[in-house]
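Beneath this line is the structure, given in structure tokens, with notes to follow.
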Amino acid sequence: CSGGIENTNYFVTTHQGAYLLTLFERLTADQLPFYLRLMKHLAQHGVPVPDPAADPKGELMYLVKGKPATVVNRLKGKSELAPGVAHC
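One point on numbering: in the UniProt record's numbering, the residue at position 76 of the sequence shown is 76, and numbering is uninterrupted.
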């Protein structure tokens, strides 16, 4: 499990790659499609953002233990707990 401010995140590693499973603690299933589609669009156009993985039906959001969730590719890097001007 990895830290998150509003979400619960789990690192998942498979033979196909490294991923992040995010369980959304505050956003509802009704609020998420916009953000997930935006992330998918940005990733498909070369912006270095997490790319939500679609299931065989093309869905980007799942329910895990009754909470909305998604799986994205894991980006390289680390969290910066005290970001400053040099990080921008």
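Even for Gly, the Cβ is constructed at its ideal location relative to N, Cα and C.
Here the structure is a predicted model, which is why all the values come from computation and not from measurement.
Exposed or buried, what is residue i when buried is set at 16 or more other beta-carbons lying within 10 Å of its beta-carbon?
| i | result |
| --- | --- |
| residue 29 | exposed |
If we ignore side chains and look at the alpha-carbon of each, how far apart do residue i and residue j end up?
| i | j | result |
| --- | --- | --- |
| residue 23 | residue 85 | 30 Å |
| residue 77 | residue 48 | 12 Å |
| residue 18 | residue 10 | 11 Å |
| residue 81 | residue 88 | 14 Å |
| residue 46 | residue 40 | 10 Å |
| residue 58 | residue 8 | 23 Å |
| residue 66 | residue 53 | 19 Å |
| residue 12 | residue 64 | 15 Å |
Short check: CB of residue i to CB of residue j, under 8 Å?
| i | j | result |
| --- | --- | --- |
| residue 33 | residue 61 | yes |
| residue 72 | residue 51 | yes |
Nearest by alpha-carbon distance to residue i: which of the options is it?
| i | options | result |
| --- | --- | --- |
| residue 31 | 79, 74, 68, 5 | 68 |
| residue 6 | 36, 87, 26, 14 | 26 |
Just confirm the distance between the C-beta atoms of residue i and residue j, as a whole number of angstroms; I'd bet it's less than 8 Å.
| i | j | result |
| --- | --- | --- |
| residue 74 | residue 20 | 5 Å |
| residue 42 | residue 70 | The Cβ separation is near 14 Å, so there is no contact. |
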